[in-house]
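Reviewing the structure listed below.
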Amino acid sequence: MTGGDAAHDLTTAIADAPPPGWDDLWSRTPDAEFTQTSLWSELAARHFPAAFARWHTVRAGDDLLGGAVLLGRARRGLVRLEGQVEGTVGGPLVRGDLGPARRDAVVGRLLRSIADALGGRTGLVALTASGHDRDRVAALAPPRTWRRDDYDSAIVDCRGGLDQVGRELWTNNRRNERNRGLKRGATLHSGADVQALTEWYPLYEAKAAQWSQAPVPLAFLASLLEAAPGATSFDHVRLDGAVVAGHVGFVSRGRLVAWQGAVRPDLVRTHFPTTLLYWRNVMTACERGLEAVDFGGCVGRDTLWDFKRRCGAVAEPRTQLLARSWYGRAHRRFAGLVRGSAGVGP
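Be aware that the sequence shown starts at 82, since it is given in my numbering, and climbs by one per residue.
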């Protein structure tokens, strides 16, 4: 089947709610992410400020063959449509039973439909692809429209079990920090404990402010824990009964994604809450029979990457695809000029 033949009967559509067959498409897509489920997308649209969700679909007749769900948010006068939320992964969903030519046609038509959403105040669309076909997806994105950015995520392999991770993957200094933190009274916990999440949230807000980032809304995090306790977790560390560290995580592609985290900074060098939190994440993955922990993206080989590496992490590539309208490009240039002029005296 040629490329033209493979695409001749394909139609695209955009919906404001999960279209019929979406969750079936998700279940039939290899490497589908939890962040692409109807549950995640609807909760995100409900709880993020001024947010909305858009489902782009590709069909042949009544058969849903592919799609992508994007979260729309306005920032500084610019509407961004993103397949990922605050560092998560979200690329095209395509049924796994399609042949190569048909699959390429669906992805190509989907990328075109998403790029066509640019215009007016909608200045940017973004997708992040992982898994075995990320290079193929990127190759189908026309470079005149889409820009490709590659980065790594830190993955700890848990298939050998907890003892193997601690004995063979963690370095001596990480094991020593873990042991000292536990001996000094810290305790490790996991579950869908919304009360503990609420107690921890001010630590997270303070960290987000330190990095000049808007925190993920507490209502969204709590709703995830309540709606999907089997697919989410709040791993946390307590000292003298108080929550001093936490990671909101979720299960995706057979892995625990340690997503939003924060620790009490005054305890970093005495009780090592970050190390304890990472160990609790590994424990959770092993207890649930998951293959790995995904500790998130790293740009370059900085101090954070070195910390994750000493916790047994290896790099796994990810690909982000970005498309900007003329308004989005102008907005970006103007923002760069403002940043470049900041602090310049008369």
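The beta-carbon is built from N, C-alpha and C at its ideal position, and this holds for glycine as well. What you are looking at is a predicted structure, and each value in this text was computed from that prediction instead of being measured.
Three or more C-beta pairs under 8 Å: does that hold for the segment 201-208 against the segment 150-168?
Yes, the segment 201-208 is in contact with the segment 150-168.
Can you tell me where the alpha helix (DSSP H) holding E249 begins and where it ends?
Unbroken run through E249: none, as it is neither H nor E.
In or out: A287 buried (at least 16 other Cβ within 10 Å) or exposed?
Flag for A287 reads exposed.
Could you tell me which uninterrupted beta strand (DSSP E) segments, each at least 3 residues in length, are contained entirely in the segment 241-288, listed from first to last along the chain?
If we require 3 residues or more, the beta strand (DSSP E) runs fully inside the segment 241-288 come out as 268-270.
Backbone CA spacing between S314 and T92 [nearest angstrom]:
38 Å
Is it buried or exposed for P427, if we count other Cβ within 10 angstroms and need 16 for buried?
The predicted position of P427 is uncertain, since its pLDDT is 29 and thus under 50; a value taken from the coordinates is nonetheless stated next. Exposed, because fewer than 16 other Cβ atoms sit within 10 Å of the Cβ of P427.
Distance between V374 and L174 (C-alpha atoms, nearest Å):
22 Å
By how many angstroms is the C-alpha of S234 removed from the C-alpha of K389?
One C-alpha to the other measures close to 10 Å.
For the 8 Å Cβ check, are there 3 or more pairs between the segment 226-243 and the segment 362-374?
yes
Could you name each continuous beta strand (DSSP E) segment of 3 residues or more that falls completely within the segment 166-242, going from the start of the chain to the end?
The segment 166-242 contains these whole beta strand (DSSP E) runs: 203-210, 228-238.
Put H128 into one of helix, strand or coil per three-state DSSP.
helix
Put W292 into one of helix, strand or coil per three-state DSSP.
coil
What are the partner residues of V332, as DSSP defines its beta bridges?
L337
What is the rounded straight-line gap between the Cα of D274 and the Cα of L299?
13 Å
Cβ-Cβ separation, A88 to R190 (assumed contact under 8 Å), whole Å
6 Å
Do H352 and G342 have their C-beta atoms closer together than 8 Å?
no
In this structure, does DSSP put R390 in helix, strand or coil?
helix
With 16 other Cβ atoms within 10 Å as the buried cut-off, status of V297:
buried
Alpha-carbon spacing of D347 relative to A277, whole angstroms:
C-alpha of D347 to C-alpha of A277: approximately 19 Å in a straight line.
Counted within 10 angstroms of its Cβ, other Cβ atoms place W340 as buried (16 or more) or exposed:
buried
Check this for me: beta carbons of E368 and V324, under 8 Å apart or not?
no
Classify L91 as helix, strand or coil using the three-state DSSP reduction.
DSSP places L91 in strand when its eight states are reduced to three.
Should S194 go down as buried or exposed, given a rule of 16 or more other Cβ atoms within 10 Å for buried?
By the 10 Å Cβ count, S194 comes out buried.
Separation of W136 from P99, as counted between CA atoms
7 Å
I'd like to confirm the pairing. Which residues does DSSP put opposite Q117 in its beta bridges?
Q117 pairs with nothing; no bridge assigned.
Helix, strand or coil, according to DSSP, for D144 in the structure here?
strand
Under the DSSP definition of a beta bridge, which residues are partnered with A98?
Per DSSP, none; premise fails for A98.
Buried or exposed for R202, going by 16 or more other Cβ atoms inside 10 Å?
exposed
Residues bridged to E397 by DSSP?
S234
May I ask you to report which of helix, strand or coil DSSP gives R361?
helix
Please list, in chain order, all residues of the same chain as S422 whose beta carbon is under 8 Å from its beta carbon, the five residues on each side excluded.
Bear in mind that a pLDDT of 33 at S422, under 50, signals an unreliable position, so the number given afterwards is only what the model happens to contain. No residues qualify anywhere along the chain.
Counting Cβ pairs, one atom from each stretch, are 3 or more of them under 8 Å apart for the segment 251-258 and the segment 211-223?
no
If L402 sits next to R229, beta carbons under 8 Å apart, how far is it from one beta carbon to the other, in whole angstroms?
6 Å
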